[in-house]
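To keep things clear, I will list the structure first and then write my remarks on it.
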Amino acid sequence: MSVTPDTVHRVLRSWIALEVLTPQATRESGWNDVAADREGRIRNRRTDATDGPDLWHPPRPDDSTPWPILPDPPPKPPIASVENDPKKPSESQTSKKERVKRRWYNVILGAMPTRASFERLNTAIGENDPDEEDKTDRSTKKGNVIAASVVLDEWGIIVPDTLAIASFAWGVGHILSGGSPSGLAEWDREAEDLQSRFADLLTPPGSGGQPRSLTWTDLHGVADELAEALCVPKDLWIPVPCVIESEKVNAPNGDLLSSFYLPDLGRALRDADTLPPALSAYLGLHPPTAPWDALTDRARLATLLSPDLFPLGRWPGPGLHPLTLLQQAAVNAVTRDLATEGLAAINGPPGTGKTTLLRDLVAQVMVARAEKLADIETPSEGVGDLDLMDFAIVVASSNNAAVENISLELPVREKALDESVWRDEGLDHFGHTATHLLGLKQDAEPAKQAWGLIAARLGRAKNRHQFFDRVWWNEEWGLNDWLNRAAWPNAQHLRERKPGKLAEIDPPPRNPEAMAQWREARDAFRQACDRSRRLRDELVALSQAGDALREAETELPQASEMREQFRLDHEAASHATMAAQNQVDEADRLERLEATKLTALASVQPSFLSKMLRTQAWKRHESGIREQVVRLEEAQRTTRDAKARLDIATAEEKQLGKRYTEAEGRLETLLAQAARVGQRLEDGRRELGDCFPSPGFWSQPDDLFQKSSPWNGGRFRQARDELFVASIRLHHAFVAAGAQPLKRALNTVVNGSANASAQDWGYFFLLVPVVSSTFASIGRMFQTFREASIGWLLIDEAGQAAPQQAVGALWRARRAVVIGDPLQIEPVVTTPEYTTALIFQGNDLLAEPWAAPKVSAQVLADRASIIQGRFPIENPVSGGPMTRDTGMPLLVHRRCEKPMFDLANQIAYAERMVHATGIGRSAIRERLGPSAWVDVDAPSSGKWVEAEGQLITTAIAELCRMQPKGPDLYVISPFRVPAMRLRQLLTRTPGVLPALSQADRENWIERHIGTVHTFQGKEAEAVILMLGAGRGARPGSRTWAGGTPNLLNVAATRAKRVLYIVGNHEEWRGAGVFARAAESFPDISPEEWIGQKTLGAVS
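With the UniProt record's numbering applied, the sequence shown covers 1 to 1099.
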């Protein structure tokens, strides 16, 4: 699929259109709950009554208003300021006099019945799916949608910028009046016109030209005109249903009636040509050029697991266990590939350690920031040009549960750290404050207390208020007092005021002491960093030693052979030299003999007369001398030739001797090198143990391979743990030594994030390294942040997020790590499938590659990943893909026993997950038996099967006899109605949770009974999967539930020890993936499950 900038424009427009039709619906219980949510009460007319119809009957045009109507402009009140974040008095405000509260009126100008509005939309578009209720979030289709609201002051005059108009109301009117679905993307432009026009209508001038009080006649007139402008039919319009009165110092915010994601989607659309790298990659503008499969390409995995890619620090979690192979590969890939910017995708099936992996990423970022902080001499002078936001970590998700998981786990000792770290090392970073933040008792057992202020759950205003109230303003444990005393210890007002408990237990150091502690912490950190780096270098050398040993061992046979060849050649040359020497000696002897003969012949001279007469004797004598001279010359030539050959033979012998010596030296060197490297490897093997990749490591079977931790042990692992501890202590020392600039920055963040600069927030992240938030709150919490301003964005449970929900967070991120699993809970959608398809068609796109629920934020991130997991597809569609491609996969599962693990592995993960869960004791299993399918053949009323509900209620009541405060058990249903009916049945049954109060019973039932969406990211000892939709129910419901592995996968993997499937075996065994469950789980009767005696007693 090719993605161009034009494609991105059209995708963003389609997503905007989808969000326009996403309503902010009220609860079914009515307007009183809406008022309670706003900390007010319904007050529709002026009356002295405290309750009754005069207060809550909808106001009529001629009714009196609850605010006074003045003919002229009212007396000038104190300036109304819209309430942003809750504020506390500054240190200079010592008066105990409370600020004056005023009355404010939130007028609901119009509302629309949610279900009827969606039904009319479906009819207009042509949507006709009988199972749409299961496929979309019908919880939003209850109650009413607030179409418009405005805040008035105590005189009935509009508070500026509080008029809110719901995009849903405009979108419904747009469609019902014949507008195209793609035209919904024009909401941004239309909203500006509507806001301007109706804000003017709500500001009628009085006699003096100033705004006057509004009457119900005014408001009804505006409501009617608004309905007409929105093109909402009268039968879908509820004009001015109520007004909510509240008493506050500052004016309430205007309501947020449209999707939280629309502002960020609009910004991304406007900046679509200059999007930051992480968001560009997410949208497909930079597809990977050569993606590779981490499930099969072990050569590249080996490179990725090279010791030089390991971060210097790691998170020392409980047990100090190392990350498994693919977990560590993922961390190494992220730190290597996202050094400055970019996007990484990690696919984490259930129970494979996603949170454990995220902890190591947090540790890596903290060590990296500590390295930069260590270069600062005087923290009280600030951080200079250091960009603290480059180390900011934001964890974001589409649901509160995922956000809470990491925020509640990281600070708690027993959940986050090994006992040796918090008990023996005494690691603490404002642990008392973190304990107070989490609502834990300061005198709780040490393991259950917090060790550090490491994470903050912010996001929505309620969470921010709670965080700052407990962490900042609290007189006993808040940091406002502690930092003031650290920054300005001589301030008179502080000396006169009793310090809080935090300052008493952990007195803030004065500057000289703080600087001494800073220098000590900095030196300790540098030493720990150097040690970790040195040990990592040793592991790099050790990994290279294996290559060196292989090279030496490869060369040894050749070197030995060469030495032997040179030895034989040298021996042959020696023999040749000896032969040449013998020839020289023999030639010398013959030459001397011929010379002697010549001398002897010359010494016998013929007579003078013979010479004169040239007699025959003389001639013979002369001829003999000449012949002897020739023989002597031949002998001399033979000697010279023999000596020449001897010289050559001697040179060859010398050269071959040298070569033999060199070959022998090379062989000895190789043998010594092999012995030395072998010893080094043996030492490394002894130290690293199972973490040493011995010969054959990279070719071992997958179940052993995946559970391994190459290089992740010994002294290096210990040094990495110690470096993390040193980095925390360095951060803590920096806070104390740099209290003044830190306090000034935090004051700005606490007292109004809208005015806080990036550096102010950078100081906040220095104090609290991890901030978690839902996507819905990112835009408001970080409204002043520009693109690519957040150093690290970690998106958790991304498989649950619709792709458009992550856009705002990704736009603000430099680096993004997206982790989740598309085969667990799919994104919740409110727009029917056919409507969604029309919206994308209107923008010349197919919905399939871009729209939830089939496509999630995880799917888009996986497409951009160069490292993939390619899972074979069982029974692939002809012409379709043969594999399901994910981001970097995690495979080692440590949650569920069998058969739950086997079921999930078969239906979702092509049996590639690796089981690493030990068998544990289960009291529930001991009572109800092993995992099974309990066959209930009974009629359905819709999707509710009364017999299933009665049976499960009986089982829970039986378990409550053993565990009166409630068993560790979840009951999960594919459908909402059966879950609701079972909750009602359990509440009415006396034998369920008899030891609890009624409120605690209802709370337990609410938390333990629900649909799969309720339990994503959670786990329990046992799970009962209540199927419903039995005999007589529409088969489409069962087909939908089993059409993908998601629902059954999530239900099965919540159960650590045992899973019971309760439902009609015959009806369900043909419903998609439930066929596998029917094969895997024994089919038993209700009597076999809980016993005939128990059933009879209950009956």
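C-beta: ideal position from N, C-alpha, C; glycine also.
Let's test the definition: count the other Cβ atoms within 10 Å of the Cβ of residue i and tell me whether it reaches 16, buried, or not, exposed.
{"i": "residue 20", "result": "buried"}
{"i": "residue 843", "result": "buried"}
{"i": "residue 90", "result": "Caution is warranted here: a pLDDT of 40 is assigned to residue 90, below 50, making its placement in the model unreliable, and the coordinate value is therefore given only provisionally. It is exposed - the Cβ of residue 90 has fewer than 16 other Cβ atoms within 10 Å."}
{"i": "residue 984", "result": "exposed"}
{"i": "residue 296", "result": "exposed"}
{"i": "residue 397", "result": "buried"}
{"i": "residue 433", "result": "buried"}
{"i": "residue 877", "result": "exposed"}
{"i": "residue 681", "result": "buried"}
{"i": "residue 579", "result": "exposed"}
{"i": "residue 568", "result": "exposed"}
{"i": "residue 1081", "result": "buried"}
State the Cα-Cα distance for the pair residue i and residue j, rounded to the nearest angstrom.
{"i": "residue 670", "j": "residue 770", "result": "53 Å"}
{"i": "residue 80", "j": "residue 160", "result": "In this prediction, residue 80 scores a pLDDT of 44, lower than 50, which makes its location untrustworthy; no coordinate-derived value is stated."}
{"i": "residue 138", "j": "residue 232", "result": "With a pLDDT of 45 at residue 138, under the threshold of 50, the modelled position of this residue cannot be trusted; read the value that follows with caution. Distance between the alpha carbons of residue 138 and residue 232: 22 Å."}
{"i": "residue 755", "j": "residue 744", "result": "13 Å"}
{"i": "residue 719", "j": "residue 535", "result": "8 Å"}
{"i": "residue 445", "j": "residue 451", "result": "12 Å"}
{"i": "residue 822", "j": "residue 501", "result": "47 Å"}
{"i": "residue 123", "j": "residue 227", "result": "20 Å"}
{"i": "residue 264", "j": "residue 15", "result": "11 Å"}
{"i": "residue 833", "j": "residue 115", "result": "17 Å"}
{"i": "residue 34", "j": "residue 40", "result": "9 Å"}
{"i": "residue 1084", "j": "residue 945", "result": "18 Å"}
{"i": "residue 625", "j": "residue 609", "result": "19 Å"}
{"i": "residue 1019", "j": "residue 174", "result": "44 Å"}
{"i": "residue 83", "j": "residue 270", "result": "Because residue 83 sits at a pLDDT of 42, beneath the cut-off of 50, its placement in the model cannot be relied upon, and the point is left open."}
{"i": "residue 776", "j": "residue 183", "result": "24 Å"}
{"i": "residue 964", "j": "residue 408", "result": "27 Å"}
{"i": "residue 274", "j": "residue 788", "result": "11 Å"}
{"i": "residue 443", "j": "residue 916", "result": "36 Å"}
{"i": "residue 62", "j": "residue 849", "result": "54 Å"}
{"i": "residue 119", "j": "residue 855", "result": "25 Å"}
{"i": "residue 372", "j": "residue 767", "result": "15 Å"}
{"i": "residue 1110", "j": "residue 337", "result": "With the chain running from 1 to 1099 in the structure shown, residue 1110 is simply not present."}
{"i": "residue 748", "j": "residue 164", "result": "28 Å"}
Between the beta-carbon of residue i and the beta-carbon of residue j, is there less than 8 Å?
{"i": "residue 18", "j": "residue 804", "result": "yes"}
{"i": "residue 213", "j": "residue 68", "result": "yes"}
{"i": "residue 1030", "j": "residue 974", "result": "no"}
{"i": "residue 1116", "j": "residue 992", "result": "Because residue 1116 is not part of the residues shown, which for the chain are 1 to 1099, the question remains open."}
{"i": "residue 486", "j": "residue 739", "result": "yes"}
{"i": "residue 332", "j": "residue 301", "result": "no"}
{"i": "residue 362", "j": "residue 773", "result": "no"}
{"i": "residue 1013", "j": "residue 735", "result": "no"}
{"i": "residue 677", "j": "residue 549", "result": "yes"}
{"i": "residue 897", "j": "residue 873", "result": "no"}
_Between the region 878–891 and the region 1046–1059, can you find at least three pairs of beta-carbon atoms closer than 8 Å?_
Here the region 1046–1059 makes no contact with the region 878–891; the two share fewer than three CB pairs at distances below 8 Å.
- Identify every run of the beta strand (DSSP E) within the region 436–501, keeping only runs that are complete inside it and at least 3 residues long; order them along the chain. You should have 455–457.
Report the start-end ranges of each alpha helix (DSSP H) in the region 146–222 that is 4 residues or longer and not cut off at the edges. Taken in chain order, the complete alpha helix (DSSP H) segments of 4 or more residues contained in the region 146–222 are 167–176 and 187–201.
As an exercise, report each continuous beta strand (DSSP E) stretch of at least 3 residues that is fully enclosed by the region 750–835, in chain order. Counting only runs of 3 or more, we get 770–774, 790–795 and 813–820.
Given 8 Å as the limit, is there contact between the region 350–369 and the region 319–339, that is, 3 or more CB pairs closer than that? A contact exists between the region 350–369 and the region 319–339.
Query raised in the report: Within the chosen definition, does the region 290–297 reach the region 865–873 through at least 3 CB pairs nearer than 8 Å?
Result: Yes, since at least three Cβ pairs between the region 290–297 and the region 865–873 fall closer than 8 Å, the two stretches touch.
Review point. Which runs of the alpha helix (DSSP H) fall wholly inside the region 270–311 and span at least 4 residues, in chain order?
Key: Fully contained in the region 270–311 are the following alpha helix (DSSP H) runs of length 4 or more, in chain order: 277–282 and 298–304.
Check your understanding: Is the region 365–377 in contact with the region 309–316, if contact means three or more CB pairs nearer than 8 Å?
Key -> Yes, they touch.
Taking one C-beta from the region 585–602 and one from the region 627–637 each time, how about it: are there three or more such pairs within less than 8 Å?
Verdict: yes, contact present.
The region 238–249 contacting the region 102–113, beta-carbon criterion three pairs below 8 Å
Result yes; three or more Cβ-Cβ pairs closer than 8 Å.
**Report entry** Segments of 4+ residues assigned as alpha helix (DSSP H) that fall wholly inside the region 593–656
**Finding:** The DSSP assignment places 608–613 as complete runs of the alpha helix (DSSP H) inside the region 593–656, in order along the chain (cut-off: 4 residues).
Next item on the list: Tell me the start and end of each unbroken alpha helix (DSSP H) in the region 344–419 that is at least 4 residues and wholly inside, in chain order.
Entry: Secondary structure in the region 344–419: the alpha helix (DSSP H) runs of 4 residues or longer, each lying completely within the stretch, are 354–373, 400–409 and 413–416 in chain order.
The region 514–522 contacting the region 537–546, beta-carbon criterion three pairs below 8 Å:
Output reads no: the region 537–546 does not touch the region 514–522.
- prompt: At a cut of 8 Å, does the region 377–390 reach the region 919–936 through at least three beta carbon pairs?
  reply: The region 377–390 is not in contact with the region 919–936.
| query | Considering only residues of the region 1005–1070, which uninterrupted beta strand (DSSP E) runs meet the minimum length of 3 residues and lie entirely inside it, listed in chain order? | reply | Qualifying beta strand (DSSP E) stretches, in chain order: 1009–1011, 1020–1026 and 1055–1063.
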